[in-house]
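Everything on this sheet refers to the single structure shown next.
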Amino acid sequence: MNEPPVFSLSNIVKIYESGDEKLRVLDGASITLQEGEIVALIAPSGTGKSTLLHIAGLLERPDAGQITIAGRDVTRLSDAERSALRQDEIGFVYQFHHLLAEFTALENVVLPQRIGRIPASIARKNAADLLAQFGLSHRQDHLPGRLSGGEKQRVAIARALANHPKIILADEPTGNLDGKTSDLVFDNLLEVVRKARATALIATHNEVLAQRMDRVIILRDGKLHAV
Ligand SMILES: Nc1ncnc2c1ncn2[C@@H]1O[C@H](COP(=O)(O)OP(=O)(O)OP(=O)(O)O)[C@@H](O)[C@H]1O
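When we follow the numbering used here, the leftmost residue of the sequence shown carries the number 30, and every step to the right adds one.
Next comes the structure, spelled out in C-alpha cells:
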C-alpha cells in the first residue's frame, strides 16, 4: 500500500479584508509533498508567501481548502491540537534567527525539546549532536551575541530540527546572509534535512539555490505552479 503524502495543501483560499477591499491573497493554492522531498518556493514580494507558510505551519487558518499531514485532515483542529502538531511535526526556519539572547547556542536547541518534555540529558545530547552536524561544536556554549551571522542561522536551523519534525518550513532561511555565507549555510541545511529524511518547503528569492532542490514551485495569482 502506498503511504499517504507527508503533507498537502489543497485549494487553499485566504482573503484579507481592509475596509471595503477584499484581497484574495491565496486563490486555490495546492501542493503535495512526498516524504523526503525538498521543494523550493519562489514568490515575488507581496504575493502571499508568508501567508502560505503560516497556513502550512498551522499558524493561520485558511478561509477554504484542506491541509493534511500524513493523510490526516488537520484543517479544522482546535487551537490546542494545532499547536501540539506544530510542536511535534513541524520545524520553522525564519529569515532572522530569533535565538534567545540570554541562552547559549546549545540551550537554544535544547529548549524546544524540553517544551516537548524530552528529558534534559537526552535533549542536551541531541542538541550537541545537531550542532556538531552544523560544524558548531566549538561554539555550543557561546551566547548568540558572540556568534557570526552564519553561525546564528545554523543554530536556528538546528533548533528547528531539534524535535525531529517530519516537515520543515523555511522562509528565506539564508536571505539575511552575504552570498558566500548563504551558500555554505544552505549546503548545510540541505545536507542535514536530507540526512533526517525530512520533507521541506523552502521559500527563497535565489533562483540558483532553488535549482538545487528537488523541484521548484512558484506562487503567482494566489496559486502554486510547477516551474
Ligand atoms: N493580516 C493582514 N490583513 C490584511 N492584509 C494582509 C494581512 N497580511 C498580509 N496582508 C496582505 O496580503 C498580501 C500578501 O502578504 P504576505 O505577507 O503573505 O506577502 P509575502 O509574499 O510574504 O511578502 P514579502 O515577501 O514581502 O514578505 C500583501 O499585500 C499584504 O499586504
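Even glycine gets a Cβ: it sits at the ideal position worked out from N, Cα and C.
The structure displayed is predicted, hence computed values, not measured ones.
Coil, strand or helix - residue i by DSSP
i	result
Ser107	coil
Leu206	coil
Ser266	Limits of the chain in this structure are 30 at one end and 256 at the other, which puts residue 266 out of reach.
Leu219	helix
Ala232	strand
Asp102	strand
Neighbour-count burial assignment, residue i, 16 or more Cβ in a 10 Å radius
i	result
Glu236	exposed
Arg244	exposed
Ile231	buried
Ala250	Per the sequence shown, residue 250 should be read as Asp rather than Ala. That one is exposed.
His126	buried
Ala255	exposed
His100	Note that residue 100 is Gly in the sequence shown here, rather than His. It counts as exposed.
Paired residues, beta bridge with residue i - DSSP
i	result
Ile247	Ile71 and His254
Asp92	Per DSSP, none; premise fails for Asp92.
Gly77	Note: Gly77 sits in no beta bridge, so no partner.
Val122	Ala199
Limits of the alpha helix (DSSP H) - the one that residue i falls within
i	result
Arg53	Where Arg53 is concerned, there is no enclosing alpha helix (DSSP H), although the beta strand (DSSP E) it sits in stretches over Glu50 to Leu62.
Glu136	Ala134 to Ile144
Leu159	Ala149 to Gln162
Ala239	Glu236 to Ala239
Ser166	No alpha helix (DSSP H) holds Ser166; DSSP gives it neither H nor E.
Residue span of the beta strand (DSSP E) that contains residue i, given as start and end
i	result
Leu198	Ile196 to Asp200
Leu38	Phe36 to Ser47
Problem set entry | Residues with C-beta closer than 6 Å to any heavy atom of ligand 1, in chain order | Cβ-based neighbours of ligand 1 within the cut-off: Tyr45, Ser47, Leu52, Val54, Ala72, Ser74, Gly75, Thr76, Gly77, Lys78, Ser79 and Thr80.
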